[in-house]
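Each remark here refers to the structure printed beneath this line.
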Amino acid sequence: MEINIQEKILRANDDMACKNRKYFTEKKVFVLNMMSSPGSGKTETLCKTLKKITPEIKTGVITGDICTTNDADRLKKTGVAAIQINTDQFGGDCHLAAHLIEKAAQNLNLKNLDLLIIENIGNLVCPAEFDIGEDAKAVVLSVTEGEDKPLKYPLMFQEADIAILNKIDLLPYLDFDLKEAVKNIKQVHPKIPVFEISAKTEQGFEPWIKWLKTSVKSKLMVL
Ligand SMILES: Nc1nc2c(ncn2[C@@H]2O[C@H](COP(=O)(O)OP(=O)(O)OP(=O)(O)O)[C@@H](O)[C@H]2O)c(=O)[nH]1
Ligand SMILES: [Mg+2]
979 MEINIQEKIL RANDDMACKN RKYFTEKKVF VLNMMSSPGS GKTETLCKTL
1029 KKITPEIKTG VITGDICTTN DADRLKKTGV AAIQINTDQF GGDCHLAAHL
1079 IEKAAQNLNL KNLDLLIIEN IGNLVCPAEF DIGEDAKAVV LSVTEGEDKP
1129 LKYPLMFQEA DIAILNKIDL LPYLDFDLKE AVKNIKQVHP KIPVFEISAK
1179 TEQGFEPWIK WLKTSVKSKL MVL
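When the letters of the sequence shown are read in order and numbered with my numbering, they come out as residues 979 to 1201.
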């Protein structure tokens, strides 16, 4: 019985995600779903990224958390439109579901955007199971979390199109084995591009920004 309910929830979510995907394509917007465990640096990476890609790439953000508008407040300071979703109003879910994105997107002027970035709720498990209608998924892993996380939470790394290894500025102070972490990511997803960055110092941003701009332009070119 429990499995049936779970299947129904995921099927209803998939239907809504399909509608979102069609809608985003009609509006000519590339959508990136950014996921990680709490505190890996999604918001910090986004704040630095937005400064580098706007106004060339017109971008809006939807950010999810259980409570607070902290992340939207930080993101708005970069000058982009940022919508905060708080799931405590809907039972405190630990992931963003497609119907929440559909509602939040109504508050953005998608016609004027090239890129919509969705910062998912900090969690390495559930967000990987919920399609929200994105074009690509990014997983952020910070060097303070341990090299073994890709092996312990494989679905997240299998689902992701790219992996961002963040906080490399902290490597001199940690026992974290960067090579081992990359090996573990590639073990669960052999061809995934891995970008090693520091959102604090902006080290390593160039290849990630290049990937992002190329992905946006590739989608817009064929529409
Ligand atoms: N040293 C260092 N600190 C970082 C880096 N990136 C983020 N931080 C810090 O890590 C903490 C968490 O960063 P956030 O950007 O809030 O992380 P998040 O993934 O958005 O967190 P949630 O939205 O709560 O899941 C903050 O104190 C950041 O300043 C980095 O590259 N290096
Ligand atoms: Mg955040």
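Note that beta-carbon positions come from the ideal geometry of N, C-alpha and C, so glycine has one too.
Query	Result
Delimiting residues of the alpha helix (DSSP H) encompassing aspartate 1051	1048 to 1054
Contact check, isoleucine 1031 vs alanine 1083, beta carbons under 8 Å	no
Backbone secondary structure at glutamine 1062 - three-state DSSP	strand
Any non-hydrogen atom of ligand 1 within 7 Å of glutamate 1022 CB	yes
Opening and closing residue of the beta strand (DSSP E) in which phenylalanine 1135 lies	Phenylalanine 1135 -> not in any beta strand (DSSP E); alpha helix (DSSP H) instead, spanning 1132 to 1137.
Of the residues Asp1147, Glu1174, Glu985, the one placed nearest lysine 1157, counting alpha carbons only	Glu1174
Leucine 1190, DSSP secondary structure in three states	helix
Pair within 8 Å by beta-carbon distance, leucine 1078 and alanine 1106	no
Reduced DSSP category for glutamate 1125 - H, G, I as helix; E, B as strand; rest coil	coil
C-alpha gap between serine 1014 and alanine 995, whole angstroms	20 Å
Through-space distance from alanine 1050 to asparagine 1087, alpha-carbon basis	16 Å
Simplified DSSP state of glutamate 985, which is helix, strand or coil	helix
Inter-residue spacing [alpha-carbon to alpha-carbon] between cysteine 1025 and glutamine 984	35 Å
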